[in-house]
Amino acid sequence: NVRRQHSNEGSEILPRPVVVTVMGHVDHGKTSLLDALRQTSVAAKEAGGITQHLGAFVVSMPSGASITFLDTPGHAAFSAMRARGAAVTDLVVLVVAADDGVMPQTLEAISHAKSANVPIVVAINKCDKPSANPERVKLQLASEGFLLEEMGGDIQVVEVSAVTKTGLDNLEEAILLQAEMMELKARVDGHAQAYVVEAKLDKGRGPLATAIVKAGTLVCGQHVVVGSEWGRIRAIRDMSGKLTERARPAMPVVIEGLKGLPMAGDDVTVVETEERARMLSAGRRRKYEKDRLRQIME
Ligand code: GDP
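And the structure:
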């Protein structure tokens with residue numbers, strides 16, 4: 191019983207999955223946690239447990255809900271994307287090691303999330319360690335002005351271990367609860383507005399771009415301009431590698447058919463013809479060149 195709404199243009203606005211970025215201090219377990227979460231995803235199981243890093247993966251919950259994780263941990267990626275206007279993340283999972291506690295990059299992550307106005311769910315990791323002290327971490331966070339749920343605030347804290355894989359289901363539940371409160375919705379009809387989260391060159395298939403649609407629907411065969419690159423979408427695959435005709439909001443997909451390699455944070459614009467695509471791409475290239483020159487001069 192999905193509540194339907196209509197936007198001004200008369201196109202449908204529907205609930206969409208949440209997109210999550212994992213941040214935290216170096217060595218606190220961001221990569222390990224992403225790997226552990228990825229293993230709970232159907233795609234990872236289908237691929238025989240082989241964990242692939244393609245920029246994003248989807249965890250489908252028994253309830254039917256799904257969570258999209260961006261699998262490029264780190265603040266550089268987050269900042270780069272934001273600097274280019276790609277507000278693709280809805281929620282930050284802040285990883286804090288239970289033995290180490292709050293560290294400089296923990297605070298940096300908090301300030302990134304705050305300035306982007308993105309809510310935080312805290313994952314206290316490494317709780318399997320004998321030296322783990324989650325209570326100390328909570329007090330540290332509280333002294334940073336974090337209003338934790340168990341202290342009457344609204345920031346959820348979950349104790350996990352990426353190594354023993356305990357607490358992952360609680361973390362996923364906490365993310366879904368936060369997402370529910372945010373009432374995430376997107377326009378489904380019409381041309382897609384999408385962002386690249388990762389791109390790489392494949393020997394056989396050429397440039398591959400992992401993209402997440404923010405609004406609208408990306409359809410196979412469309413002409414696109416991606417950053418300053420262009421092409422015609424030859425194939426769209428979901429994160430398990432399955433071919434699909436279209437990509438809807440918040441579901442990451444890998445697109446084939448670009449002439450060159452885009453960058454993380456590049457936006458995907460759909461245009462009507464190849465000529466338009468070439469022209470727009472050339473125009474953007476000139477603009478990027480100018481911007482780069484200006485930066486060098488300054
Ligand atoms: P990142 O720099 O935040 O991505 O951290 P990594 O995922 O690379 O983890 C850093 C180190 O901490 C590695 O040696 C991991 O094996 C270890 N580690 C990560 N998560 C856990 C955990 O839950 N428990 C324990 N005991 N070690 C962990």
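When the sequence shown is numbered by the UniProt record's numbering, its final residue is 488 and no position is left out of the sequence of numbers. All C-beta atoms, glycine included, are put in the ideal place defined by N, C-alpha and C. Every value quoted in this text rests on a predicted model; they were computed, and no experiment measured them.
Next item on the list: Determine the direct distance from the alpha carbon of S333 to that of P397, and round the result to whole angstroms.
Entry: 47 Å
Notebook entry, point to check: Can you tell me where the alpha helix (DSSP H) with residue 174 in it begins and where it stops?
Noted result: Residue 174 lies beyond the range of the chain shown here (191 to 488); nothing can be said about it.
Margin query: Could you compute how far the alpha carbon of T279 sits from the alpha carbon of A440?
Written below: 10 Å
Next item on the list: With a threshold of 8 Å, establish whether the CB of D359 neighbours any heavy atom of ligand 1.
Entry: no
Check: Secondary structure at T356, three-state DSSP: helix, strand or coil?
Finding: strand
Note to self: In this structure, how does DSSP classify M213 when only helix, strand and coil are distinguished?
What the structure shows: strand
Notebook entry, point to check: To the nearest angstrom, how far is it from the Cα of L448 to the Cα of K390?
Noted result: 11 Å
Notebook entry, point to check: Which partner residues of F259 appear in the DSSP bridge assignment?
Noted result: V210 and F247
Margin query: Only counting the same chain, and skipping five residues up and downstream in sequence, which positions put a Cβ closer than 8 Å to that of K375?
Written below: Q195, I203, L204, P205 and R206
Check: With contact counted as at least three CB pairs below 8 Å, one residue from each stretch, are the stretch 285-295 and the stretch 319-327 in contact?
Finding: yes
Margin query: Rounding to the nearest angstrom, what Cα-Cα distance links S197 and M372 in this structure?
Written below: Note that S197 scores a pLDDT of 46, beneath 50, so its modelled location is shaky and nothing firm can be said.
Check: How about I345 and P309: do their beta carbons lie closer than 9 Å?
Finding: yes
Note to self: If you reduce the DSSP assignment to three classes, tell me which class M469 lands in.
What the structure shows: helix
Item checked: Burial state of Y478, where buried means 16 or more other Cβ atoms lie within 10 Å -> exposed
Item checked: G431 versus G342 - alpha carbon distance -> 44 Å
Item checked: Reduced DSSP secondary structure (H/G/I, E/B, other) of A440 -> coil
Note to self: Can you determine whether any heavy atom of ligand 1 sits closer than 8 Å to the C-beta of L223, and answer yes or no?
What the structure shows: yes
Next item on the list: Please state whether DSSP places residue 145 in a helix, a strand or coil.
Entry: Any property of residue 145 remains undetermined from this structure, which presents the chain solely from 191 to 488.
Next item on the list: Tell me whether the beta-carbon of I300 lies closer than 9 Å to the beta-carbon of E349.
Entry: no
Notebook entry, point to check: Can the beta-carbon of L244 be found closer than 9 Å to that of E388?
Noted result: yes
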